[in-house]
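Numbering (the working numbering), first residue to last: 231 to 287.
Below: one structure, written as structure tokens.
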Amino acid sequence: MKRTKRALETQQRKMADWLNRRTENLPKKRAKGLLFAFCLVVGLHCVYLIVNAIVNI
């Protein structure tokens with residue numbers, strides 16, 4: 231169990247480091263805009279899934 235947890239944490243750290251390197255030169259305003267757009271898309275997808283589940287009961 232601890233080995234799996236450690237492996238997952240290692241992969242998470244690698245991904246976080248990669249994302250940080252990719253976005254370190256991004257202007258703050260643009261980063262906030264991209265984050266907002268990402269949250270909007272994911273939120274709308276969640277709403278779609280909920281509505282679709284209710285309609286198809």
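Note that beta-carbon positions come from the ideal geometry of N, C-alpha and C, so glycine has one too.
Residue i and residue j: beta carbons closer than 8 Å?
i    : j    : result
T253 : A261 : yes
In three-state DSSP terms, what is residue i?
i    : result
M231 : coil
I287 : coil
R256 : A small correction: the amino acid at residue 256 is Leu; Arg does not occupy that position in the sequence shown. Three-state result, L256: coil.
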